[in-house]
Amino acid sequence: MDLSAVLNKWRLGAVRGHNCTHNKWEYQLTDIFLTRRTMLRGMLAATFFTLLTYNRAFASVSISITDLAGRTVTLPRPVRRLLVGDGALAYVLPLLKPNAPFGNVVGWGENFRLADLNGYDAYLKRFPGIATIPTFPATTTDAINAELAISLAPDLVLMNLSSLPVAQSSGLIERLERAGIPLIFVDFRTHMFANATRSMQLIGELLGCQERTNAFLQFREEQIARVEQRLQNVSHRPLVVIERAAGMYEDCCMSYGPGNLGEMVNMAGGKNLGSTFIPSNFGTLHPEQIITSDPDVVIVTGANWSLYAPTGDWVNLGPGADPVEGQNRLQRLMTRPAYRTLRAVHTGQVYAIWHAFYDNPYNFIALQRIAKWLHPTRFADLDPEETFQELHKRFLPIPYQPGYWLNLNTTASATKSTVTE
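Going by the numbering used here, the first residue of the sequence shown is number 2, and it counts up by one from there.
Okay, here's the thing in structure tokens:
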């Protein structure tokens, strides 16, 4: 291989594998390759400089960390070959490595595409190479295929804490350990607020992106504080029913117990109906329980699930979703027996919100949105859409597109609630 090929290979590897910020080396090497004359003139100097810099910047060291399952794991840092066991964890990577968020991903759960086709397509447009990343089934009831995982030779397998039981029962943890492949568990779902900070810190450290991680976490905490400070003396808490993946299945009504979005409703100044009837994070409410309780507010979660349930009546939400289509589907969902007689439906206190907020680090956006629905006067000067726009501008490599929530009575993204405070 001639020297120009060596340099080109190094350039691509550096940009793909380790790019937490706009990498100045990328632009320097791009200049070197602009013309052959320029390349020949600076070849020797560039070779010495880039290889020396590479060795210093990307030399791996082994570190021991304790993951969210309490397991102590030793692994290399920075990670150069990452297997994302749950596709929902893909949302973390653009925050930390905006230039090449998926450049070192050697495989991931197919649920990134299946559970949020709008979001996946937005990243596919910006990074078309993600279409070639190997995929595998990835839900909390599926175990990663150990043979496939081992064949991809990752430095690290990253999984959600909610997958721990199946990873244990399937023997996945033991098989990866025998193959010398470290596995760590993080959590944006089981304890979505308490564990998010530590999870981000772990991933940021392993990818060598601590500076961006800290900047994002500071922004995140500031935005959460804007909600907590205004609710310190709240006395009235509207009763909220939140239906999970409404319309995906014929049966009604999947919901949340005291954890996950049930916890978020409480943090947003509401009272989660599911906490009364569902002992775990996820479960099902009977229509009669909803009718009898007559909640003040109804919220459903939705996304583009056309690959999961193409004939379902789910509300299509996510970047660029059609608000008119979403409004029509939300209206149809409210004609089901569990909802048609509720006060909330007749007074317009019905909302839909992007399902993926339930297990990614952007969940504070949903916290602001729900808090404003429940307490419009207290949050009159807070605009969750502006917060989300700022998040995209400062941390994400794709432009913001509206489409993450809507109201039963209007297709506007930020609507006025009539809940009595």
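Even for Gly, the Cβ is constructed at its ideal location relative to N, Cα and C. Since we're looking at a predicted model, the values are computed, not measured.
With fewer than 16 neighbouring CB atoms inside 10 Å of its own CB, residue 219 falls in the exposed class. Here residue 303 is actually not in contact with residue 191; their C-beta atoms are around 22 Å apart, not less than 8 Å. DSSP, read as helix, strand or coil, puts residue 105 in coil.
Listed in chain order, the alpha helix (DSSP H) runs fully inside the region 357-389 are 364-375, counting runs of at least 4 residues. At least 8 Å separates the beta-carbon of residue 367 from that of residue 299.
In the displayed model, residue 239 falls within coil according to three-state DSSP, outside both helix and strand. With at least 16 other beta carbons inside 10 angstroms of its own, residue 116 counts as buried. Secondary structure at residue 78: strand, using DSSP grouped into helix, strand and coil. Collapsing the DSSP output to three states places residue 396 in a helix.
Of the candidates 365, 370, 408, 282, the residue whose Cα lies closest to the Cα of residue 329 is 408. Our two residues, residue 122 and residue 225, have alpha carbons roughly 29 Å apart in a direct line. A Cβ-Cβ separation of about 5 Å places residue 153 in contact with residue 107 under the 8 Å criterion. In the structure shown, residue 126 falls within a helical segment according to DSSP collapsed to helix, strand and coil. Proximity to residue 255 across 89, 356, 101 peaks at 356, based on C-alpha coordinates. Per the C-alpha coordinates, the member of 402, 271, 146, 306 positioned closest to residue 371 is 271.
In the DSSP assignment, the residues bridged to residue 73 are 67. Less than 8 Å separates the beta-carbon of residue 87 from that of residue 164. Under DSSP, residue 352 forms a beta bridge with 300, 408. Exclusion of the five residues before and after residue 380 leaves 231, 372, 373 as the residues of its chain whose Cβ lies within less than 7 Å of its Cβ. Within the DSSP bridge table, the entry for residue 160 names 186 as partners. Straight-line measurement puts the Cα of residue 185 at about 9 Å from the Cα of residue 73. Taking the Cα positions, residue 236 is about 21 Å away from residue 262.
A Cβ-Cβ contact shorter than 8 Å links residue 105 with residue 83. In chain order, 271, 297, 298, 375, 420 place their CB closer than 6 Å to the CB of residue 239, counting only its own chain and leaving out the 5 sequence neighbours on each side.
Taking C-beta separations shorter than 7 Å and ignoring five residues to either side along the sequence, the partners of residue 266 in its chain run 241, 243, 273, 371, following chain order. In this structure, the straight-line span from the alpha carbon of residue 75 to that of residue 175 is close to 15 Å. For residue 354 and residue 331, the gap between their C-alpha atoms comes out near 11 Å. Distance from the CA of residue 309 to the CA of residue 280, rounded to the nearest whole angstrom, comes to 27 Å. Spatial neighbours of residue 360 in its own chain (CB-CB distance under 6 Å, excluding positions within 5 residues in sequence) are listed in chain order as 89, 189, 190.
In terms of Cα proximity to residue 98, the closest of 402, 315, 406, 398 is 398.
Spanning the alpha carbons of residue 150 and residue 322 requires a straight line of approximately 34 Å.
In the three-state scheme derived from DSSP, where H, G and I count as helix and E and B as strand, residue 137 is classed as strand. With 16 or more other Cβ atoms from the protein chains shown falling within 10 Å of its own Cβ, residue 257 counts as buried. When DSSP reads this structure, residue 244 sits in a beta bridge with 301. By the CB criterion at 8 Å, residue 275 and residue 324 fall outside the cutoff. Scanning 343, 167, 213, 358 for the CA closest to the CA of residue 320 turns up 358.
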